[in-house]
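Taking it in order: structure first as structure tokens, then the write-up.
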Amino acid sequence: MLDAIPAELRCVPRWVVWRGAKVPYRADSMNSTASVTDPATWSPFEAAAIAYGEGGWSGVGLVLAGDGLVGIDLDKCVTAGQPKKEALALLKRIGAGYVELSPSGTGLRAFGRACGAPTGRRGKIDGINVELYSDRRYLTVTGRPIQNGPIGDLPGFLAAVDSLSPTEEVQKTTEDDRSSPQSSSGLFCRSLPPTVIPSGVGERNRCLFALARWVKGVHPDATTAELRALVQEWHRLALPHIGTADFTTSWTDFIRGLAAVRTPFGMTLDKLMERLDEKPLPEGIAELGYGEAGNRLVCICEALAAHHAPEPFFLSSRQAGELLGVHFTDASKMLAALVMDRVLHLETRGAGRIASRYRYCWGAR
1 MLDAIPAELR CVPRWVVWRG AKVPYRADSM NSTASVTDPA TWSPFEAAAI
51 AYGEGGWSGV GLVLAGDGLV GIDLDKCVTA GQPKKEALAL LKRIGAGYVE
101 LSPSGTGLRA FGRACGAPTG RRGKIDGINV ELYSDRRYLT VTGRPIQNGP
151 IGDLPGFLAA VDSLSPTEEV QKTTEDDRSS PQSSSGLFCR SLPPTVIPSG
201 VGERNRCLFA LARWVKGVHP DATTAELRAL VQEWHRLALP HIGTADFTTS
251 WTDFIRGLAA VRTPFGMTLD KLMERLDEKP LPEGIAELGY GEAGNRLVCI
301 CEALAAHHAP EPFFLSSRQA GELLGVHFTD ASKMLAALVM DRVLHLETRG
351 AGRIASRYRY CWGAR
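One point on numbering: in the working numbering, the residue at position 108 of the sequence shown is 108, and numbering is uninterrupted.
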């Protein structure tokens, strides 16, 4: 799917990955948020594509940085895959060559070039919700084109800005406003994993405790104010499926659950890593000549296999890179070498949100 993204966009070195409520993350570091004002948090397209392919992310996004590349976002203008004629007519007037579906499939994205464009505007044109960006924003990019033209000049872009009704500086709170500097409590709320939100009756207590585990593992230093804001957001999202209308009850139960957590989210791997140095290198591995990082990866995989037995274990190259202190592209090559040398067997290759699954098979040869 990402192969359909135009080369003119892929060559721009300002890519991020995203998940959840479209919170942008760095493609080269696990669980580190990206900022549209910090170039150090952006990556080349290839790195974002690899990160997305390894799993754990919903998609990729492109940062606009005021260099003439602009983005057009039309919301709620596609029904059952068919764009409204008013939306297509507007994009034609602007001069858009490349147009794609949004992640939800209900909106349209377009990119092009325009000089002198304002940072951001939003409003309506011909009844269509329109948002126009040129700087300090990121837009999700899907590679699902409905019109596969060039990324060229947009002669009607500034005219569209002038015709917006009402015309205002964008402080977007809908689909893609997850990129500006914000409070940490707001960031926590927007990054809630879907696994902690009840999807049916009877899931309240389990999901609330899962939330406590996630907070203790991912945000162990969160302040009381940040925790309260997070639980308020959880309560709002969970309300359709729980019988607890009073936030105070959810807040009290969450605090009790937080105190009871003994295995925070991510703790299993941490425990395995603590014991890793106590284990000898498996017999015969040294002769393969992997070096220190490669040998450590073998031990990590052996420990993961033992912990998850008899099931395969999940491991992405991004996660392996973090554990080894190397770039995830190097970790990906190491994992491929272990498969080639039959240290590991690749059960399923990761795609989308799912990491690759492996079996450790060195001792079973």
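Beta carbons: idealized from backbone N, C-alpha and C, even for Gly.
Simplified DSSP assignment, three categories, for residue i
i, result
"T79", "strand"
"Y52", "helix"
"G112", "strand"
"R275", "coil"
"S58", "coil"
"L154", "coil"
"P24", "strand"
"G149", "coil"
"I300", "helix"
"E292", "helix"
"I72", "strand"
"A65", "strand"
Distance CB(residue i)-CB(residue j) smaller than 7 Å
i, j, result
"Y138", "P24", "yes"
"M334", "L297", "yes"
"A212", "V261", "yes"
"T41", "R26", "yes"
"P44", "P6", "no"
"G200", "H235", "no"
"P198", "C207", "yes"
"A47", "D28", "yes"
"G143", "M1", "yes"
"A355", "S316", "yes"
Top-ranked residue by Cα proximity to residue i, from the options
i, options, result
"W251", "G202, E233, G116, S356", "E233"
"E302", "A259, E322, W362, D330", "W362"
"V130", "D153, V161, I151, R136", "V161"
"T79", "R93, G149, G105, H308", "G105"
"S58", "P194, L324, K92", "P194"
"A4", "H327, V141, L237", "V141"
"G291", "S29, A110, A331", "A331"
"E278", "I300, G81, R357", "I300"
"S32", "R318, L324, M340", "R318"
"A259", "T248, G217, A238", "G217"
"G127", "E86, S102, G143", "E86"
"R122", "P150, A238, L9, L158", "L158"
"P39", "G53, K22, A65", "A65"
"G149", "P103, K92, S102, G116", "K92"
Straight-line gap, residue i to residue j (C-alpha atoms, nearest Å)
i, j, result
"A286", "N295", "7 Å"
"E322", "V196", "25 Å"
"C11", "V17", "16 Å"
"A293", "G55", "22 Å"
"G152", "R357", "42 Å"
"T249", "G243", "11 Å"
"L230", "W214", "12 Å"
"V326", "L74", "40 Å"
"L69", "E347", "42 Å"
"E175", "R275", "Because the pLDDT at E175 is just 41, under 50, the model does not fix this residue reliably, and the point stays unresolved."
"V60", "L88", "24 Å"
"A34", "A51", "14 Å"
"E100", "A110", "6 Å"
"I72", "L192", "28 Å"
"H345", "V339", "6 Å"
"A222", "I255", "13 Å"
"S183", "L9", "Legend: pLDDT at S183 = 41, less than 50; position of this residue unreliable, value from coordinates given subsequently. The straight-line gap from Cα to Cα measures roughly 30 Å."
"G81", "P103", "12 Å"
Same chain, Cβ closer than 6 Å to residue i, neighbours up to 5 away in sequence not counted
i, result
"L154", "I94, G95, G112, A114"
"A305", "F313, Y360"
"T329", "none"
"D367", "Since the first residue of the chain shown is 1 and the last is 365, residue 367 is not available in this structure."
Residues near residue i by beta carbon distance below 8 Å, same chain, minus five either side
i, result
"P83", "C77, L108, I146"
"N205", "D253"
"D341", "L288"
Residues near residue i by beta carbon distance below 7 Å, same chain, minus five either side
i, result
"F209", "G257"
"I125", "L90, A160, S163, L164"
"V63", "R14, V16, V36, W42, Y138"
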